[in-house]
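J.: In order, the protein sequences belong to chains A and B. First residue of the first sequence: 356, per our numbering; consecutive thereafter. First residue of the second sequence: 356, per our numbering; consecutive thereafter.
Number of protein chains: 2
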Amino acid sequence: MGLVINDKEWAGKYKLKDIQNKIILGDTIEVMKKMKPKSVDMVFIDPPYFLQLPKKRLIRWEVKTDVEGVNEQWDKFASFKEYDNFIKKLLKGVKRVMKPNATIWVIGTYHNIFRTGKIMYDLGFWMLNDVSWFKTNPMPNWLNVRFTNATETLLWAVKDKKVKKYVYNKEVAREYSMKDFNSKIVFNVWRLPICMGGQRLKNADGKKLHSTQKPEALLERIIRISTNPDDVVFDPVAGTGTTGYVAKKLGRNFIMIDKEEKYVKAMQKRLKGLQTKL
Amino acid sequence: MGLVINDKEWAGKYKLKDIQNKIILGDTIEVMKKMKPKSVDMVFIDPPYFLQLPKKRLIRWEVKTDVEGVNEQWDKFASFKEYDNFIKKLLKGVKRVMKPNATIWVIGTYHNIFRTGKIMYDLGFWMLNDVSWFKTNPMPNWLNVRFTNATETLLWAVKDKKVKKYVYNKEVAREYSMKDFNSKIVFNVWRLPICMGGQRLKNADGKKLHSTQKPEALLERIIRISTNPDDVVFDPVAGTGTTGYVAKKLGRNFIMIDKEEKYVKAMQKRLKGLQTKL
DNA sequence: CAAAGTCCTGAATCATATG
DNA sequence: ACATATGATTCAGGACTTT
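1. Taking its Cβ as the centre, do 16 or more other Cβ atoms sit within 10 Å of A/Q705, making it buried, or is it exposed?
2. Can you tell me whether B/R546 is helix, strand or coil according to DSSP?
3. Buried or exposed for A/S487, going by 16 or more other Cβ atoms inside 10 Å?
4. Indicate the three-state DSSP secondary structure (helix, strand or coil) for A/M622 in the structure shown.
5. Is it true that the segment 529 to 536 of chain A meets the segment 504 to 513 of chain A, where meeting means three or more beta-carbon pairs spaced less than 8 Å apart?
6. Could you work out which residues of chain B lie near A/T567, taking near to mean beta carbons separated by less than 7 Å?
7. Listing by chain order, which chain A residues have their CB less than 7 Å from the CB of B/V541?
8. Strictly under 8 Å for the Cβ-Cβ distance: is A/L483 near chain B by that measure?
9. To the nearest angstrom, how far is it from the Cα of B/I414 to the Cα of B/P495?
10. Residues of the segment 450 to 479 of chain B with a CB closer than 9 Å to any CB of chain A: list them in chain order, please.
11. Hey, is B/Y404's beta-carbon within less than 8 Å of any beta-carbon in chain A?
12. First and last residue of the alpha helix (DSSP H) that includes A/Q394?
13. Throw me the rounded Cβ distance for the B/K617 and B/T383 pair, which I believe falls under 8 Å.
14. Taking a cut of 7 Å between CB atoms, which residues from the segment 615 to 630 of chain A lie near chain B?
15. Mind reading off the beta-carbon distance from B/V386 to B/I379? Whole number of angstroms is fine, and I expect it under 8 Å.
16. In three-state terms, what does DSSP make of B/L574?
17. Hey, out of B/L483, B/K539 and B/E571, whose CA is closest to B/K516's CA?
18. With a CB to CB cut of under 8 Å and the five nearest residues on each side skipped, what residues in its chain are close to B/L371?
19. So, A/F405 versus A/Y438, is the Cβ gap smaller than 8 Å?
20. Whole angstroms are fine: how far does the CA of A/R625 sit from the CA of B/K443?
21. Within its chain, find whatever has a CB closer than 6 Å to the CB of A/R451; leave out the 5 residues flanking it on each side and keep chain order.
22. Are the CB atoms of B/E571 and B/T595 within a distance shorter than 8 Å?
23. What runs of the alpha helix (DSSP H), each 4 residues or longer, lie entirely inside the segment 406 to 467 of chain B?
24. Could you tell me which of B/R529, B/A366 and B/R412 sits nearest to B/R576, measuring between CA atoms?
25. State the Cα-Cα distance for the pair B/V513 and B/Y523, rounded to the nearest angstrom.
26. Closer than 7 Å, Cβ to Cβ, to anything on chain B: give me those residues from the segment 358 to 373 of chain A, in chain order.
27. Where do the ends of the beta strand (DSSP E) carrying A/S487 lie?
28. Answer yes or no: does any C-beta atom of chain A fall closer than 8 Å to that of B/D613?
29. Quick one: which chain A residues come within Cβ less than 7 Å of B/Y523?
30. Please go through the same chain and pick out, in chain order, the residues whose beta-carbon is closer than 6 Å to the beta-carbon of A/K410, but skip the five residues on each side of it.
31. Count the other C-beta atoms from every protein chain shown that fall within 10 angstroms of the C-beta of B/R607, then say buried if there are 16 or more, exposed otherwise.
32. For B/F480 and B/K388, I'd like the C-alpha separation in whole angstroms.
33. Can you have a look at B/L408 and say buried or exposed, based on whether 16 or more other CB atoms are within 10 angstroms of its CB?
34. Could you have a look at B/I540 and say whether DSSP puts it in helix, strand or coil?
35. Whose Cβ in chain B lies nearer than 7 Å to the Cβ of A/S394?
36. Tell me the residue span of the beta strand (DSSP E) that contains A/V601.
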């Protein structure tokens, strides 16, 4: 049995053992319906950001160049409504497969995080924190017509208000806060650089494979703080697979879904590389 | 003509000269309807945050005093829906009186800022930045079960997507960024302390008058960066009146509205104190 | 008077056990 | 699902008191 499951070739339900530490190629909403309820310990979601950029010419303060911008099929939504509907379906599906004491992380920018947060509240998630990822090396806004957007926002929530015994490794959290600000207070502000250098996956042309690949250090922090070893970390829109890669590296298990073959292939390669390393 | 206008005693519309540098006592939605469209240069809103705090009291065990949360009438909403409706009416009213190139600032915490931001997008405001106010002296999370909430979020937007020539004093912005982070990049992260000491308005008992008084330094930054001298700064839910106080101090004009007489009285006193100072 | 020590408090969705 | 009783944590900064 390989690392990848093609959902089209799978009839019936998924048992946990079928998909643990697997990448599933398929429509995430449909795949989740076939998963067992209350089966994962933590969820990380990095949804499409709905940048609303013009199709041809991307504005330079948003992205580096026209070619490399977020202008791909997966970020195309006709309207706020369509976007909201997608996020709502995604979060509903995720909530169903979360264990009762599981937590969920969602990352976004000001383009999408407000609508997304609002939907989380409406679905009954209980917010624990909004965390501000303060990038140490943001792209400067060289037109100087507004502030340099140096942050992304992470929302951290539990399934319901009544959940109390979720995982929060406070000593680990304090480690990072000491490193960031030399402070014993564990702030909801994190300082770390964006994804750079060797971490960045490239395609055959040497161009970056994915516009919004997250740094491993970000996932490391999230996973170490909010899961224990052997927990199952779930990413329903996995992209380049940083979630599963870091989870595995830290002795956790993963389940990842993506609908694009090129990303699934890249994840597969990345994880195989990890196996040889370990 | 005094500093305060009682809306009940005012028939007909308000001309700009009637209300410039005045505090209006009345229902903000109704008052705004009587204001002239396209008349203000900048708006600052610090709406109720809809904290949904538990009814029980928290006690500090060592000193045996209550932890006073916000538990006041103005933060009472029955449901998300009721809260959303209030914010929607407020923002619609505000948009109407904004000049075409005016900008708007809205502040909040994770309790309310996501729904509020979503509504702003839906009403057609064009977001310029989300700014993270990183408090230098937050209340620590004493039980250590989540991150210390050390931030509030400011949303900064223009009236419509097509607005280009709004006020952004980039040199002033850089001043603050140098002070905060010794950086020439003007980050969307601001470091300043919460409202403390002599700034804080007290009532006759020596207790704080308002749970959520904003520091003058915050308003100073906002006003200096996003307005020019003699501009009209509008605050439709003025509370303790920090907006007007700082605006006046910086050579701007203000219009403030609040429905509670005790706050209007306090603002009046505060502004009279400023006149004697200047 | 200055320096050191004490007390208080800040927009907070902070826990657990029992009935 | 409530309400109630019990328990024993955190830091910066301003106001106040003592040395």
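For every residue, glycine included, the Cβ atom is placed at its ideal position computed from N, Cα and C.
T.: Result, derived from the coordinates:
1. Outside the displayed range of chain A (356 to 633) lies residue 705 of chain A, so it cannot be described from this structure.
2. Stepping through the second sequence from its first residue, residue 546 of chain B is reached at position 191. Three-state DSSP puts B/R546 in a strand.
3. Taking the first residue of the first sequence as position 1, residue 487 of chain A is located at position 132. Counting Cβ neighbours within 10 Å, A/S487 comes out buried, since at least 16 surround it.
4. Counting from 1 along the first sequence, the entry for residue 622 of chain A is found at position 267. If DSSP states are grouped into helix, strand and coil, A/M622 belongs with the helices.
5. no
6. Here residue 567 of chain A is taken as the residue at index 212 of the first sequence, counted from 1. Residues of chain B passing the Cβ test: none, with the nearest at roughly 17 Å.
7. Looking up residue 541 of chain B in the second sequence gives position 186. By Cβ distance, chain A contributes F502 and T503.
8. Counted from its first residue, the first sequence places residue 483 of chain A at position 128. So, interface residue.
9. On the second sequence, residue 414 of chain B is found 59 positions in, with the first residue counted as 1. On the second sequence, residue 495 of chain B is found 140 positions in, with the first residue counted as 1. Near 15 Å, if we compare the C-alpha coordinates of B/P495 and B/I414.
10. T464, Y465, H466, I468, F469, R470, T471, G472, K473, I474, M475, Y476 and D477
11. As a first step, residue 404 of chain B must be located in the second sequence, where it is residue number 49. For B/Y404, the answer is no, since every Cβ of chain A falls outside 8 Å of its Cβ.
12. As a working mapping, residue 394 of chain A is identified with position 39 in the first sequence. Strictly speaking, residue 394 of chain A in this sequence is Ser, with Gln absent from that position. A/S394 -> no alpha helix (DSSP H), and no H or E assigned at all.
13. Here residue 617 of chain B refers to the residue found at position 262 when the second sequence is read from its first residue. Here residue 383 of chain B refers to the residue found at position 28 when the second sequence is read from its first residue. Going by Cβ atoms, the distance from B/K617 to B/T383 rounds to 16 Å, so no, they are not a contact pair.
14. none
15. Locating residue 386 of chain B in the second sequence gives position 31, where the first residue counts as 1. Locating residue 379 of chain B in the second sequence gives position 24, where the first residue counts as 1. B/V386 to B/I379, Cβ: 5 Å. Contact.
16. Sequence index remark: in the second sequence, residue 574 of chain B carries index 219 (1-based). Residue state, collapsed to three classes: helix.
17. Here the question's residue 516 of chain B lines up with position 161 in the second sequence. When only C-alpha atoms are compared, the closest one is B/L483.
18. Translated into the one-based positions of the second sequence, residue 371 of chain B becomes position 16. Closer than 8 Å at the Cβ level, and outside the excluded window around B/L371, lie K391, S394 and V587.
19. Residue 405 of chain A sits at position 50 when you count from the first residue of the first sequence. Residue 438 of chain A sits at position 83 when you count from the first residue of the first sequence. In contact: A/F405 and A/Y438 (Cβ atoms closer than 8 Å).
20. By 1-based counting over the second sequence, the position of residue 443 of chain B is 88. By 1-based counting over the first sequence, the position of residue 625 of chain A is 270. Cα to Cα, B/K443 sits roughly 47 Å from A/R625.
21. Working through the first sequence from its first residue, we reach residue 451 of chain A at position 96. Correct list, in chain order: P392.
22. Here residue 595 of chain B refers to the residue found at position 240 when the second sequence is read from its first residue. Here residue 571 of chain B refers to the residue found at position 216 when the second sequence is read from its first residue. Their beta carbons are not under 8 Å apart, which means B/T595 does not touch B/E571 by this criterion.
23. 435 to 452
24. The residue labelled residue 576 of chain B in the question sits at position 221 within the second sequence. Among B/R529, B/A366 and B/R412, the Cα nearest to that of B/R576 is on B/R529.
25. As a position in the second sequence, residue 513 of chain B is number 158, starting the count at 1. As a position in the second sequence, residue 523 of chain B is number 168, starting the count at 1. If you take the alpha carbons of B/V513 and B/Y523, they lie about 11 Å apart.
26. none
27. Here residue 487 of chain A refers to the residue found at position 132 of the first sequence. From DSSP, the beta strand (DSSP E) with A/S487 extends over W481 to K490.
28. One-based indexing of the second sequence puts residue 613 of chain B at position 258. With 8 Å as the cut-off, B/D613 does not count as an interface residue toward chain A.
29. On the second sequence, residue 523 of chain B is found 168 positions in, with the first residue counted as 1. Under the 7 Å cutoff, chain A gives V500 and R501.
30. Residue numbering aside, residue 410 of chain A sits at position 55 when the first sequence is read from its first letter. The predicted model places A/K410 with a pLDDT of 45, which falls under 50 and marks its position as unreliable; any figure quoted below should be read in that light. Taken in chain order, the list of residues that qualify is empty.
31. In the second sequence, the residue the question calls residue 607 of chain B occupies position 252. The residue in question, B/R607, is buried, as its Cβ has 16 or more Cβ neighbours within 10 Å.
32. In the second sequence, the residue the question calls residue 480 of chain B occupies position 125. In the second sequence, the residue the question calls residue 388 of chain B occupies position 33. The alpha-carbon atoms of B/F480 and B/K388 are separated by roughly 19 Å.
33. Within the second sequence, residue 408 of chain B is the residue found at index 53, counting from 1. When all chains shown are included, B/L408 counts as exposed.
34. The residue you call residue 540 of chain B lines up with position 185 of the second sequence. The answer is coil: DSSP assigns B/I540 none of H, G, I, E or B.
35. Your numbering for residue 394 of chain A matches position 39 in the first sequence. Simply none; closest approach about 24 Å.
36. If you number the first sequence from 1, residue 601 of chain A lands on position 246. Careful: A/V601 lies outside any beta strand (DSSP E), inside the alpha helix (DSSP H) at T597 to K604.
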